[in-house]
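Protein chains in written order, with the working numbering: chain A, 468 to 768; chain B, 468 to 768; chain C, 548 to 816; chain D, 548 to 816.
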C-alpha cells in the first residue's frame, strides 16, 4: 500500500484529502455518512469575529458542471464557535481547521487570536478571497498589499499552521501567492471560487440575491489546475489545491502540478463520502502504478 | 415578429448573433450547413501581420462542459488574407469582420491598416486577449496601459468600426474596458477564454503542447455574464457578449446584463447551424413575451 | 439508530406514469429501509443528464413497510426530472436520506387538516397514514390547477375524508383551496375548539398557496405548519444555500425544516 | 451536390454488439444518404453523457446503398462511446457528415494492399468495396491484439483476400502486420511492379503501427497513404485543433486529411 500521508507545514495528515470550507459544515453534519477519521483535514465553515447573517435567499444557482453561491459568511461569530461548537468538534479524530474571515486586518487578527487558544485546532485557513461580502473578503485577496497586510496582522497573533486561501479573480495569482509567503504564511490553498453571475430570464433578475456569486465545481477545474501550477512554481511553501475535484484522477492532476494536498468542496454535495473515496482512489492509483509514495508524483509537471 | 436588428457603432446587423473568431473559420467552411446571410456578423479567424504556424499539436482538450485550446493564432498573414481569402469572402452576405492580432502596437496597426483598405470588411475585432501566444496577445489585454497603447496605435490608422476583445484573466475587466474606450474603441467584445490547464495523468504531461490554453464553452458562461454586466455598467460604447452561449435563453441572459449583440464560439463545434437557430430563438422568445424589439431587454439588469 | 442518514443505491421496483406530468418511483433495498417521518425528503443523484449537476430534493410520498418500499412522486419540470422519468424497473437510484424534520408527530384523538397543492400533495399521503396509525384523524384538502394534478385520491381516501378544489373546476369545488366550503363553514362557527372540524393545519404546496393558507390560519388562530421548498444543494445543513428568514434568523430549510410553524417564519401575512 | 456536408438526425435501424468492446450502429434517413468516399468520417453528437461535450469523430465503416444505410463501427473506450453503445433501434443520432477527404480513388486493374489495425480496420471495409467496384483488386492485411479485435472478416473476404496477424497468435500469423509473410515474400522479390502482389498501400490504425507500415513502404518504395486520428473539435477545418505537421506546414487532419500520403508528412521514418 502506497504511503499517502502528507505534511502541510507541520500539519500531519493521514491522507492528502481535506474538505473545503463552507461545503462540509463542522464535519458533524456528515458524521452519519462518512468516517471522519479517514479525512486528512476538515476545514470548517468561515468564522468571523462577530456574528453574520450572510446574504438573503436565494444564495445558489446551478450552472453547467457547477454552481454559484453567495452565502456570504453566515456564522454565529468566533465566541459562539469557541463556546458551543468547539466542544463538539474537538473530539473529531481529524485535523479540525477553522476558516477565518473578516472585514479588516484587526478583525482577522482578533478572530485568529481567539482560535489560537484552542488546543484541538492545529491550523487556520485565512479567507482573503470570499467574493460574496461587501467589505473585506476578496478585497484583500486581489492586491499584493491587501493580502500581505492581512497575513502580517494575523501572523503576529497566530503561531500555529497558517494557510491562506487565494482568489483566482486576479491578473497574477502567483504575485499574490508570493506576497502572502513573504508576509509569513505557512501554506496557500487555491482556488477560491470564480466570480460569476446567472440570470433568471423569466423573472428578469439575477438568480442570486446579491447579483453575483462564486462559481465552483468541475467547470472551474481547468482554471484551478492552471493556478496551482503557476503558484507551485512561484512559492516555496506547500500548496493545497482545490477546484472541481470529483475523483482521485482529478486530485492527481493537482498533485502533478505541485499540490501537496487537496480540498474537496462542491463534490461533498454530490457524494457526502467523496473525500474518503478520493483518498482511497489516490492510494489505489499509486499502487497500480507501482509508486510507493504520494510524493513520487507531487510537482512532477 | 419582433425586431432583432441591432447596430454596433454603425455596424448594421440583421440580428444580434455573430460567430466568434477561431470557431467559424472564414465562414466558407460552414456554407454547406448554414445560411450565412442569416448570421448578424462573422468574425473570421485571427489574422496577424506575418504568417504564423501556431503552436504544436495537441492543441485541444475536452473539459467538463467546455474545452481548452492553444491554437496560437495560426494564420497565413494579412497579405495572404487580402490576396487569396478576401476575394472569396467579400461576396458573403453578412458582416465579414477580421480579428486582428499582433506582437506589438506597430504590428497591430500595420495589420489593421491593410484591412482598412478592404471595402467589404466593415469592422475589425482587436484581439488583445489571446492567452496562447508568447509575446503580445494577452500581454496587452491585462494592463490598462498595454490595452490603451494598442488601441491608440490602431485607431490612428483604422477608421471603420473598431471592436476590442477583452480578456477575463484580470482583476478588473471594467478598468480595462474603460481604458480601451478612452483610447478610441467603438465597441468591446468579451469574454475571451479563461486561462486553464488539463493534465493527462497517465502520460504525466499537460494535455496541451504549451501547457496552458484557453477555456471556453458553457463552463465559463457564469463568468462571462458577470464580466459583461460589470463592463456594460462601466462604459458607454456597445458591448458584445460571448462565453458559452448554446441557446437563445443563454443569449438573452447576456442581453439583459447589457450586451447589444452576442458571439457564439465553441457552440459552432457542437451544432454548425447554432448561430441561426439562436437568432431565430431570440426572435421567438421576444414574440412569446410580447416584446417588439430586442432593445426592450438590453441592459434591463 | 433507525433514522441515521444514508447515501446508497436503491433498486427501482416500479415506475408508474399517472399522467404525462408525473412519474411515481417505488424503491426498495436489500436491508430494511430506515424509519422515515412524514415530511422528510431525499436527495436524488440524477445520472446521464448534462444539465443536472446537483442532487434533486424530493419529498417522501409514501413508505410501504410491508414491501420495504419508498415511494417518490415526481413532477416532471426540467431535464433532471425528465431523466428520472425515463428510469426503468431494475435500475438503481442513488439516494441520500432521510433528510430534514417532518411534520408534527400526531397525537391520538386530534383532528388535523392537511392542505396540499400541486405536487405538494405528495408528502401528505405518508402523513395521513402516520396520523391514522397513531389514532389521529386527518382531513385532506387538496387543490390543483385541474383534475390531472390531483393524484392518488383513492389512496388518500383510505386515511381520511378528502376535499378537492381545482382552478378550472374539472374536479371538486372550483377555486383555490382557501375558497373551499369547509373553510367557509369553519369561518362561520364561533364554537369551541373541540367542535371544530380540525384543530391544526399542515400544509405543503406552492408558496402563494401556503401563504394564503397561513393567512387564513392566522386570522382564525389555528395552529399551522408549512413545508418549504427553497432551492438547496447539500440537503445536510452544510452549504447554507436554502436558508429561510425566521424569528431566529436565517436557518437551513433542509436541516431545521422543511416544515416550519408559521409563527417561526417572517412571512408578511 | 451529392457530397455536400449535412448535419441531421439519422435513425438507428440496427445496433449490433460483435463483442463487449465494440458496437456497430446502422443508420438510415428518409431521403437518400449523400455519397461518401471511403475514408471519410462523421462527427456524432453524444447525448445524455455529462462527460462528453464535443462531438465524436467516427470513420464510415460501410455504406449499404441498397438499404440506404450508413454503418459506424465504434470501439467502446470512454463515457461517450459507452453511451453510444446503449442506443436502441429507433433512436435518432445527430450526425455531421461526410467529413474530410477519403482514400485515393481506385483505378481499374490496380492492386492495393489495405492495412488495418484495431478499430482502424473499420473504414477499410468500405474502401475494399469501392476498390472492387471500380475493378481494382484490394488485398487486406488486418492486425489486432487478439482475435476479438478482428471484426467483419466474413464481409472483408467478399472483396478481397484477407491476411491476418494477431499479437497473441489467437488468429492468423502471430506478431504485427509488418511481420506478415506476404510482406516478407514481397521483400524477397526483385521483379517488376506488375509482378508484385500490390502496387500501393492504404493504411489505418494506431500511430505506431502506421509508422511501421510507412517505414516499410518507404524502404520498399511503395506508395503509401495513412489515415490519421488526431484529436479534433469541429471536423470542418475551423478550429485548427487537429493539425498535423506536413511539408506544407500545419494542416487540419479533419479537412486536408484524414488520409495523407506519407511523403506529405514529416514523420521521422
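We treat Cβ as the ideally placed atom computed from N, Cα and C, and that holds for glycine. Every value quoted in this text rests on a predicted model; they were computed, and no experiment measured them.
Just the Cα atoms here: how many angstroms apart are residue i and residue j?
i, j, result
"residue 629/D", "residue 593/D", "10 Å"
"residue 650/A", "residue 618/A", "6 Å"
"residue 546/A", "residue 492/A", "17 Å"
"residue 524/A", "residue 521/B", "48 Å"
"residue 512/B", "residue 683/A", "31 Å"
"residue 759/B", "residue 575/D", "42 Å"
"residue 548/C", "residue 802/C", "Because the pLDDT at residue 548/C is just 41, under 50, the model does not fix this residue reliably, and the value given afterwards should be weighed accordingly. Using only the alpha carbons, I get a separation of about 18 Å."
"residue 706/D", "residue 662/D", "14 Å"
"residue 628/B", "residue 476/B", "6 Å"
"residue 708/D", "residue 685/D", "7 Å"
"residue 599/C", "residue 774/C", "24 Å"
"residue 638/D", "residue 558/D", "6 Å"
"residue 645/A", "residue 595/A", "14 Å"
"residue 766/C", "residue 809/C", "12 Å"
"residue 716/C", "residue 759/C", "19 Å"
"residue 816/C", "residue 761/C", "7 Å"
"residue 757/C", "residue 764/C", "10 Å"
Can you give the beta carbon distance from residue i to residue j, rounded, assuming they're within the 8 Å contact cut?
i, j, result
"residue 703/D", "residue 687/D", "5 Å"
"residue 509/B", "residue 484/B", "Actually they do not touch by this definition, with Cβ atoms about 10 Å apart."
"residue 500/A", "residue 739/A", "4 Å"
"residue 559/A", "residue 478/A", "Between residue 478/A and residue 559/A the Cβ distance is about 15 Å, and since that is not below 8 Å, they are no contact."
With H, G and I counted as helix, E and B as strand and the rest as coil, what does DSSP make of residue i?
i, result
"residue 472/A", "coil"
"residue 546/C", "No statement about residue 546/C is possible, as the shown extent of chain C runs from 548 to 816 and does not include it."
"residue 643/C", "strand"
"residue 808/C", "strand"
"residue 750/C", "strand"
"residue 779/D", "coil"
"residue 410/B", "Outside the modelled stretch of chain B, which goes from 468 to 768, sits residue 410/B, for which no answer is possible."
"residue 587/A", "coil"
"residue 444/A", "The question about residue 444/A has no answer here: the residues shown for chain A are numbered 468 through 768."
"residue 548/C", "Here the model assigns residue 548/C a pLDDT of 41, short of 50, so the residue's position is not dependable, and the following value carries that caveat. Three-state DSSP puts residue 548/C in coil, outside helix and strand."
"residue 527/B", "strand"
"residue 727/A", "coil"
"residue 542/A", "strand"
"residue 547/B", "helix"
List the residues of chain B whose Cβ lies closer than 8 Å to the Cβ of residue i, in chain order.
i, result
"residue 711/A", "531"
Who are the neighbours of residue i on chain D, taking C-beta pairs under 8 Å?
i, result
"residue 541/B", "787, 790 and 797"
Against residue i, what residues of chain D qualify as contacts under a CB-to-CB distance less than 9 Å, listed in chain order?
i, result
"residue 597/C", "594, 595, 596, 597, 598, 599 and 600"
Give me the chain A residues within the contact set of residue i, using Cβ-Cβ distance strictly less than 7 Å, ordered along the chain.
i, result
"residue 784/C", "492 and 496"
"residue 551/C", "499"
"residue 673/B", "768"
Who are the neighbours of residue i on chain A, taking C-beta pairs under 9 Å?
i, result
"residue 648/C", "The premise fails here: residue 648/C is roughly 14 Å from chain A at the closest Cβ pair, so nothing lies under 9 Å."
Note down, in chain order, every chain C residue with its Cβ under 7 Å from the Cβ of residue i.
i, result
"residue 525/A", "778"
"residue 520/A", "796 and 797"
Mind listing the chain C neighbours of residue i? Cutoff is C-beta to C-beta under 8 Å, in chain order.
i, result
"residue 737/A", "592, 600, 601 and 602"
Going along chain B in order, which residues have a C-beta closer than 7 Å to the C-beta of residue i?
i, result
"residue 627/A", "Under the 7 Å cutoff, chain B gives no residues; its nearest Cβ is about 31 Å from residue 627/A."
"residue 643/D", "739"
Under 7 Å Cβ-Cβ, which residues of chain D neighbour residue i?
i, result
"residue 659/B", "Chain D residues near residue 659/B: none, gap ~15 Å exceeds 7 Å."
For residue i, which residues in chain C fall below 9 Å Cβ to Cβ?
i, result
"residue 536/A", "780, 786, 787 and 788"
In the region 551-580 of chain B, which residue ranges form an unbroken beta strand (DSSP E) of at least 3 residues, counting only runs that do not cross its ends? 562-567
At which residue ranges does the region 633-681 of chain A contain complete beta strand (DSSP E) runs of 3 or more residues, listed in the order of the chain? 654-657 and 661-664
Note down, one range per segment and in chain order, each beta strand (DSSP E) of at least 3 residues found wholly within the region 619-680 of chain C. 639-646 and 658-664
Interface residues of the region 561-585 of chain B facing chain E [CB-CB below 7 Å]: Here chain E cannot be found, since the structure's protein chains are A, B, C and D.
Beta strand (DSSP E) runs contained entirely in the region 695-719 of chain D, provided each spans 3 or more residues: 708-713
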